[in-house]
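S.K.: This note's numbering numbers the first residue of the sequence shown as 540 and each following residue consecutively.
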Amino acid sequence: MNYMLDTNTCIYLMTDRHPERQERILAQLDRLAPDENLYLSSIVVFELSYGAQKGRWRKANLALLEEFLLDFIIAPFDEKAAHASGEIRTTLEKKGNPIGSKDTLIAGHAVSMDMPLVTHNVGEFSRVSGLKVKNWARV
Numbered sequence: 540m541n542y543m544l545d546t547n548t549c550i551y552l553m554t555d556r557h558p559e560r561q562e563r564i565l566a567q568l569d570r571l572a573p574d575e576n577l578y579l580s581s582i583v584v585f586e587l588s589y590g591a592q593k594g595r596w597r598k599a600n601l602a603l604l605e606e607f608l609l610d611f612i613i614a615p616f617d618e619k620a621a622h623a624s625g626e627i628r629t630t631l632e633k634k635g636n637p638i639g640s641k642d643t644l645i646a647g648h649a650v651s652m653d654m655p656l657v658t659h660n661v662g663e664f665s666r667v668s669g670l671k672v673k674n675w676a677r678v
């Protein structure tokens with residue numbers, strides 16, 4: 540099985556702000572089979588890049604990010620992901636409980652690629668029908 544990581548999961552892996560969550564995620568990564576791959580949506584890369592560039596240590600942050608990205612397959616946001624995202628947004632708006640626009644795009648991308656989304660933001664993403672959500676930060 541392949542997995543798509545959400546932005547918060549990446550941040551837990553990249554920083555020491557939540558060591559207990561980082562340890563849990565690393566433990567799950569150690570359990571992956573050799574044929575299981577980790578993907579990042581290009582939307583997640585955007586969010587990580589934005590965070591790195593707005594910080595005080597921009598150059599160091601970007602270098603850390605570039606090194607971090609080497610461990611993942613970056614999935615370009617494509618037409619299939621766009622249509623899945625549009626459907627998710629429409630459905631959630633009709634129900635009166637939409638999620639944030641970038642989260643909608645990330646959810647649509649994961650659905651379009653038929654991958655579970657690994658996130659700590661279960662409350663938001665669990666509203667998306669058809670999206671498999673995994674929380675490796677809380678096992």
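We put the beta carbon where it would ideally sit given N, CA and C, even for glycine. These figures come from a predicted structure and were not determined experimentally.
(1) Can you check DSSP and say which residues form a bridge with isoleucine 612?
(2) Based on the DSSP secondary-structure assignment, which residues constitute the bridge partners of tyrosine 542?
(3) Report, in whole angstroms, the separation of the C-beta atoms of tyrosine 542 and leucine 577, which I expect to be a contact under 8 angstroms.
(4) When the Cα atoms are used, what is the spatial distance from glycine 625 to arginine 666?
(5) Looking at C-alpha atoms only, which residue of Trp675, Leu670, Val650 and Gly669 is the closest neighbour of histidine 659?
(6) Which same chain residues end up closer than 7 angstroms to asparagine 547 when comparing Cβ atoms and leaving out the 5 residues on each side of it in sequence?
(7) Would you give the residue range spanned by the alpha helix (DSSP H) that lysine 634 belongs to?
(8) Using 7 angstroms as the threshold, is the C-beta distance between valine 650 and glycine 669 below it?
(9) Rounded to whole angstroms, what is the Cα-Cα separation between alanine 572 and proline 655?
(10) Would you kindly check if the distance between the Cβ of isoleucine 627 and the Cβ of leucine 579 is under 7 angstroms?
(11) If you count every other CB in all the chains shown that lies within 10 Å of the CB of threonine 629, and 16 or more means buried, which is it?
(12) Which term fits alanine 602, buried or exposed, when burial requires 16 or more other beta carbons within 10 angstroms of its beta carbon?
(13) Leaving aside the five residues before and after cysteine 549 along the sequence, list all residues of the same chain whose C-beta is less than 8 angstroms from its C-beta, in chain order.
(14) Decide if leucine 544 is buried, meaning its Cβ has at least 16 other Cβ atoms within 10 Å, or exposed.
M.R.: Checking against the coordinates, here is how it stands:
(1) Tyr578
(2) Leu577
(3) 6 angstroms
(4) 15 angstroms
(5) Trp675
(6) Thr658, His659 and Asn660
(7) 618–634
(8) yes
(9) 15 angstroms
(10) no
(11) exposed
(12) exposed
(13) Leu579, Val583, Leu587 and Phe607
(14) buried
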